[in-house]
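Report on the following structure.
2 protein chains.
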Amino acid sequence: MGERITVNASVREQHSHGEGSGLIGMPDLVAFAETTEEVSKLVALAHARHLPVVAFGTGTSLEGHVSAIEGGLTIDLSRMDRILEVNPEDMDCRIEAGVVRSKLNEYLRDQGLFMPIDPGADASIGGMCATRASGTNAVRYGTIRDNVLGLTVVMADGRVIKTGGRVRKSATGYDLTRLFIGSEGTLGIITEIQLKLHGIPEAISGATCQFESMAAAVQTVIEVMQAGIPIARIELLDESQMEACIAYSKLTGFEVLPSLFFEFHGTQAGVREQAEVAESIALDNGGRAFAWATDPEERNKLWKARHDAYWAARAMRPTYGAFVTDTIVPVSKLTEAVLGVKAAIVDAGLLAPMVGHVGDGNFHTVILVPPEDGGQERAWTLDRKIVEIGLSLGGSCSGEHGVGRGKRDFLVREHGEETIEVMRMVKAALDPSGILNPGKLLPDRVGQN
Amino acid sequence: MGERITVNASVREQHSHGEGSGLIGMPDLVAFAETTEEVSKLVALAHARHLPVVAFGTGTSLEGHVSAIEGGLTIDLSRMDRILEVNPEDMDCRIEAGVVRSKLNEYLRDQGLFMPIDPGADASIGGMCATRASGTNAVRYGTIRDNVLGLTVVMADGRVIKTGGRVRKSATGYDLTRLFIGSEGTLGIITEIQLKLHGIPEAISGATCQFESMAAAVQTVIEVMQAGIPIARIELLDESQMEACIAYSKLTGFEVLPSLFFEFHGTQAGVREQAEVAESIALDNGGRAFAWATDPEERNKLWKARHDAYWAARAMRPTYGAFVTDTIVPVSKLTEAVLGVKAAIVDAGLLAPMVGHVGDGNFHTVILVPPEDGGQERAWTLDRKIVEIGLSLGGSCSGEHGVGRGKRDFLVREHGEETIEVMRMVKAALDPSGILNPGKLLPDRVGQN
Ligand SMILES: Cc1cc2nc3c(=O)[nH]c(=O)nc-3n(C[C@H](O)[C@H](O)[C@H](O)COP(=O)(O)OP(=O)(O)OC[C@H]3O[C@@H](n4cnc5c(N)ncnc54)[C@H](O)[C@@H]3O)c2cc1C
Ligand SMILES: Cc1cc2nc3c(=O)[nH]c(=O)nc-3n(C[C@H](O)[C@H](O)[C@H](O)COP(=O)(O)OP(=O)(O)OC[C@H]3O[C@@H](n4cnc5c(N)ncnc54)[C@H](O)[C@@H]3O)c2cc1C
Chain A
498 MGERITVNAS VREQHSHGEG SGLIGMPDLV AFAETTEEVS KLVALAHARH
548 LPVVAFGTGT SLEGHVSAIE GGLTIDLSRM DRILEVNPED MDCRIEAGVV
598 RSKLNEYLRD QGLFMPIDPG ADASIGGMCA TRASGTNAVR YGTIRDNVLG
648 LTVVMADGRV IKTGGRVRKS ATGYDLTRLF IGSEGTLGII TEIQLKLHGI
698 PEAISGATCQ FESMAAAVQT VIEVMQAGIP IARIELLDES QMEACIAYSK
748 LTGFEVLPSL FFEFHGTQAG VREQAEVAES IALDNGGRAF AWATDPEERN
798 KLWKARHDAY WAARAMRPTY GAFVTDTIVP VSKLTEAVLG VKAAIVDAGL
848 LAPMVGHVGD GNFHTVILVP PEDGGQERAW TLDRKIVEIG LSLGGSCSGE
898 HGVGRGKRDF LVREHGEETI EVMRMVKAAL DPSGILNPGK LLPDRVGQN
Chain B
498 MGERITVNAS VREQHSHGEG SGLIGMPDLV AFAETTEEVS KLVALAHARH
548 LPVVAFGTGT SLEGHVSAIE GGLTIDLSRM DRILEVNPED MDCRIEAGVV
598 RSKLNEYLRD QGLFMPIDPG ADASIGGMCA TRASGTNAVR YGTIRDNVLG
648 LTVVMADGRV IKTGGRVRKS ATGYDLTRLF IGSEGTLGII TEIQLKLHGI
698 PEAISGATCQ FESMAAAVQT VIEVMQAGIP IARIELLDES QMEACIAYSK
748 LTGFEVLPSL FFEFHGTQAG VREQAEVAES IALDNGGRAF AWATDPEERN
798 KLWKARHDAY WAARAMRPTY GAFVTDTIVP VSKLTEAVLG VKAAIVDAGL
848 LAPMVGHVGD GNFHTVILVP PEDGGQERAW TLDRKIVEIG LSLGGSCSGE
898 HGVGRGKRDF LVREHGEETI EVMRMVKAAL DPSGILNPGK LLPDRVGQN
């Protein structure tokens with residue numbers, strides 16, 4: 498592989514961490530693979546030498562997922578970025594794992610198709626599969642889990658398998674596709690993905706609505722979901738996040754108040770109907786009249802602001818660190834969860850703007866971490882408190898960011914020791930020498946470290 | 498467990514086979530479990546004695562799934578039929594595995610909710626999970642895979658685990674839920690299920706449309722799907738199946754011609770809009786005007802006829818056996834697949850009415866098996882030919898009925914030896930002594946039997 502495999506210090510440093518988490522783990526080597534065969538050979542070599550292997554997409558994961566905490570080889574997949582096949586009649590495509598979503602969607606636009614999964618960052622689709630990513634559109638289109646038809650995977654010993662296929666459903670054998678989705682590079686390295694696509698809707702409309710209280714905004718979300726409106730996006734930003742976005746993205750016409758951003762997809766008539774129902778629910782809950790963002794440019798500006806929410810939050814305290822939390826609860830518990838988390842933030846005396854894909858019950862805060870001594874500990878304490886609130890309401894400690902290193906310690910609490918033990922049995926079966934992304938996802942057994 | 502565990506011959510016989518497949522395998526014992534704890538104790542006992550264990554829902558599976566081909570203990574779950582919890586605000590419920598879908602939907606109706614997965618038979622939800630079932634509504638609502646939030650599972654050694662949870666999505670750990678879905682009782686026994694529910698749509702309308710040729714009917718399906726209409730059901734019946742249904746279900750106003758049955762779900766306006774687009778596509782393809790089935794009674798009669806298609810086909814030749822095939826291809830290949838299969842039926846000189854959930858590319862034939870010598874072989878040869886057509890078009894050997902005993906030999910062809918080997922690794926990890934439904938789903942290794 499010549500220059501595509503390197504010990505260069507700055508390349509290793511770039512691959513030693515993701516976003517957000519402070520965890521650093523320098524790989525000994527970084528290889529930029531270009532084919533499945535190369536990945537297979539690299540993994541086979543690493544396997545023979547008991548060398549840890551970490552897959553690297555775009556490194557936007559937030560829980561220390563990509564840090565090579567035991568050193569070894571990091572395989573960067575960003576050069577595996579070919580779109581191999583698009584089948585417009587079947588609305589599917591086959592791509593390499595390093596393709597990022599913006600590139601795929603640009604490529605597909607002329608064919609009237611799109612891939613709806615939309616984490617804030619311009620992540621690789623392989624990384625999105627590995628973290629079971631979702632994002633703003635998941636309330637309508639599902640997560641990446643629901644949109645993958647099949648995978649090509651390099652196993653821990655270098656063998657290459659294909660899972661799933663091109664058909665929309667199949668009942669023939671274990672669902673290995675779903676087993677690799679969300680496995681965070683600990684069971685195999687995904688090199689190709691067969692993806693479901695969706696038709697770009699005939700009509701799209703966007704709107705925003707502001708509320709005097711978080712409770713009113715959240716109640717609106719709950720009622721919109723219960724009304725069965727097939728809403729494409731429904732995002733909540735608290736007053737603090739709105740303040741950040743107004744400043745960072747130069748949004749006009751907004752007050753510093755809790756806000757909902759809506760998007761409706763469908764036919765002209767369908768979109769109108771959905772929006773009317775949603776607006777009347779919002780008004781009933783004391784929301785202001787909808788501010789419409791009908792032309793694409795205005796709508797893009799709004800969603801760009803939403804996607805930049807993390808950067809906007811960080812810009813509030815440029816010298817601070819940032820730590821993103823990720824809670825999800827059943828929608829009926831959303832008010833209790835959101836208000837509980839807001840109170841916890843106040844108690845902690847920290848600034849932590851809140852933003853969320855609330856149609857699923859999923860929301861984040863960006864805890865701005867004071868640079869002073871003890872700042873990191875205060876942020877972690879708040880994060881634990883937030884997880885605690887979510888779990889106590891029947892939720893999960895991560896709706897979409899995944900486990901990585903950061904959430905490992907909550908897994909037993911969430912799933913129970915026996916369930917985690919079954920996950921360990923699967924891991925041991927597929928990666929017996931434990932070379933794939935060691936120290937991630939699965940918590941250590943008690944008494945082990 | 499007293500009388501709930503039995504060696505009674507007729508009970509054992511009832512549990513020795515499912516529908517359709519001729520495979521008989523008598524269990525030595527049948528136990529009617531009433532709680533997860535009982536299942537756990539039974540499995541732990543069987544584990545200690547190396548006794549095979551077969552889970553039994555309602556025994557409607559078609560590929561010899563439930564036959565106790567190595568004897569042992571069959572655990573009948575039909576008495577575990579409690580609906581444990583319904584959360585209307587979150588549109589989910591928790592049920593025991595033996596609940597059948599008609600019972601669940603009757604229970605939910607008053608709350609305006611329903612569980613859309615709808616295999617023809619009134620199967621248990623546990624059995625549906627175990628076979629990754631789908632049915633007429635899957636084109637809109639997904640398969641059972643997409644509608645399960647979490648499971649309680651008894652593992653091969655008797656330990657009990659919970660997978661998933663109540664939230665709509667989560668990124669915390671391996672997707673064990675999906676691993677058990679479709680595992681046909683070979684990895685664990687499902688005792689409880691947390692299910693997503695859906696709101697009964699505000700408006701439902703049904704229609705049928707008849708065509709001069711299969712090609713025209715199939716082309717209509719392809720175009721309806723490509724138009725992105727969120728159709729709830731689109732079922733194809735060939736002229737032979739229509740002949741059977743007209744006779745068996747006393748349908749009036751139909752000719753013996755290829756037909757499509759449609760159902761539209763949505764708001765009043767949405768349903769009207771969907772139906773208009775679908776009708777105009779049908780007319781463009783030479784279909785007759787839609788015959789509307791707007792009142793619920795008429796619609797139910799139609800869908801009852803559709804669900805009775807298997808019995809209607811069998812009634813054409815009461816002395817014959819019956820063997821159901823199950824093919825799925827990418828929708829763009831549907832015409833080629835359907836016409837190829839029709840030609841193969843003619844070549845075989847057999848009667849095999851065709852019916853299918855064609856919106857997914859999935860269709861069945863009911864091969865009527867002549868009672869004479871060699872009849873069974875002719876049916877199997879035709880089945881192999883049909884599988885061959887599906888696989889050669891990028892399809893799967895089973896869209897929804899599963900593998901059981903009958904489809905095992907096609908799995909390597911469909912997935913490749915390496916992929917099957919990874920499935921075997923998972924099986925060996927979770928059921929090391931191989932007591933769970935032995936001889937099913939996974940093909941034997943070459944040279945093994
Ligand atoms: C500002 C911001 C906003 C975000 N918003 C969202 C959001 O809304 N929703 C959401 O879900 N996430 C969000 N994220 C998190 C992140 O974007 C996702 O986790 C994303 O899926 C990671 O993709 P990646 O290519 O960057 O993966 P990486 O960070 O490179 O890797 C993530 C993990 O996957 C593994 N991996 C990567 N590629 C492969 C592969 N081909 N095969 C096997 N394993 C692999 C890695 O080893 C690692 O464990 C956000 C992140 C940021 C910085
Ligand atoms: C007329 C007719 C029409 C049909 N139409 C369809 C259709 O449209 N779509 C479709 O998908 N299927 C269809 N089927 C097939 C069948 O109804 C489904 O496979 C159904 O899901 C089987 O459920 P069951 O409760 O009868 O399972 P069973 O037949 O009792 O068992 C099936 C398999 O699952 C295992 N199993 C059962 N319960 C459990 C449990 N709780 N835990 C673990 N393993 C378990 C068994 O060991 C066995 O391997 C049809 C069958 C008939 C007879």
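First to last, the protein sequences are chains A and B.
For the first sequence, the residue numbers in the numbering used here are 498 to 946.
For the second sequence, the residue numbers in the numbering used here are 498 to 946.
A virtual CB, placed ideally from N, CA and C, is assigned to each residue, including glycine.
Source: prediction; values computed, not measured.
(1) Would residue 446(B) pass as a contact of residue 821(B) if the rule is Cβ separation under 7 angstroms?
(2) Give a yes or no on whether 7 angstroms exceeds the smallest Cβ distance from residue 606(B) to chain A.
(3) Kindly indicate the opening and closing residues of the alpha helix (DSSP H) around residue 644(A).
(4) DSSP beta-bridge partners for residue 589(B)?
(5) Could you tell me which residues DSSP pairs with residue 859(B) in its beta bridges?
(6) For the alpha helix (DSSP H) containing residue 664(B), name the first residue and the last one.
(7) Taking only beta-carbon atoms, is residue 686(B) less than 7 angstroms away from chain A?
(8) Does ligand 2 have even one heavy atom less than 6 angstroms from the beta-carbon of residue 687(B)?
(9) Under a CB-based cut-off of 7 angstroms, is residue 732(A) close to chain B?
(10) Which bits of chain A does residue 678(B) rub up against, with CB to CB less than 7 angstroms?
(11) Can you pull the chain B neighbours of residue 629(A), defined as C-beta to C-beta under 7 angstroms?
(12) Considering only residues of the stretch 694 to 779 of chain B, which uninterrupted beta strand (DSSP E) runs meet the minimum length of 3 residues and lie entirely inside it, listed in chain order?
(13) Between which two residues does the beta strand (DSSP E) harbouring residue 572(B) extend?
(14) On the three-state DSSP scale, how would you describe residue 893(B)?
(15) Taking the alpha carbon of residue 827(A) as the reference point, which residue from 863(B), 713(B), 667(B) has its own alpha carbon closest?
(16) Taking Cβ positions only, does residue 908(B) come closer than 7 angstroms to chain A?
(17) If we ignore side chains and look at the alpha-carbon of each, how far apart do residue 946(A) and residue 918(A) end up?
(18) Is DSSP giving residue 553(B) helix, strand or coil here?
(19) What do you reckon, is the C-beta of residue 529(A) under 6 angstroms from a heavy atom of ligand 1?
(20) Look at residue 627(B) and residue 557(B) and say whether their C-beta atoms are less than 7 angstroms apart.
(21) Cβ of residue 658(A) less than 7 angstroms from any chain B Cβ?
(22) Residue 836(B) lies in the alpha helix (DSSP H); which residues open and close that run?
(23) Pairs of beta-carbons, one from the stretch 660 to 679 of chain B and one from the stretch 890 to 897 of chain A, closer than 8 angstroms: are there three or more?
(24) Which ranges does the beta strand (DSSP E) cover as unbroken runs of at least 3 residues, wholly within the stretch 587 to 640 of chain A, from first to last along the chain?
(25) Over what stretch of residues does the alpha helix (DSSP H) that includes residue 925(B) continue unbroken?
(26) In three-state terms, what does DSSP make of residue 559(A)?
(27) Please tell me whether residue 796(B) and residue 790(B) are closer than 7 angstroms, where the distance is taken between their beta carbons.
(28) Which first and last residues belong to the beta strand (DSSP E) in which residue 527(A) is found?
(29) Could you give the residue range of the beta strand (DSSP E) that holds residue 790(A)?
(30) Distance check for residue 677(B) and residue 921(B), CA to CA, integer angstroms please.
(31) In this structure, does DSSP put residue 502(A) in helix, strand or coil?
(32) Grouping DSSP H, G and I as helix and E and B as strand, with all else coil, what is residue 479(B)?
(33) Residue 782(A) and residue 713(A) - do their beta-carbons sit closer together than 7 angstroms?
(34) For ligand 1, is there a heavy atom less than 6 angstroms away from the beta-carbon of residue 534(B)?
Checking against the coordinates, here is how it stands:
(1) Nothing in the structure corresponds to residue 446(B), since chain B is present only between 498 and 946.
(2) no
(3) 641 to 644
(4) 584(B), 693(B)
(5) 825(B), 854(B)
(6) Where residue 664(B) is concerned, there is no enclosing alpha helix (DSSP H), given that its DSSP letter is neither H nor E.
(7) no
(8) yes
(9) no
(10) 672
(11) 668
(12) 700 to 707, 730 to 734, 756 to 763
(13) 570 to 573
(14) strand
(15) 667(B)
(16) yes
(17) Confidence is the limiting factor: at residue 946(A) the pLDDT is only 45, short of 50, which leaves the residue's position unreliable and the question unanswerable from this model.
(18) strand
(19) no
(20) no
(21) yes
(22) 831 to 845
(23) yes
(24) 589 to 593
(25) 914 to 927
(26) coil
(27) yes
(28) 526 to 529
(29) 788 to 790
(30) 14 angstroms
(31) strand
(32) Nothing about residue 479(B) can be reported from this structure: the residues present for chain B run from 498 to 946 only.
(33) yes
(34) no
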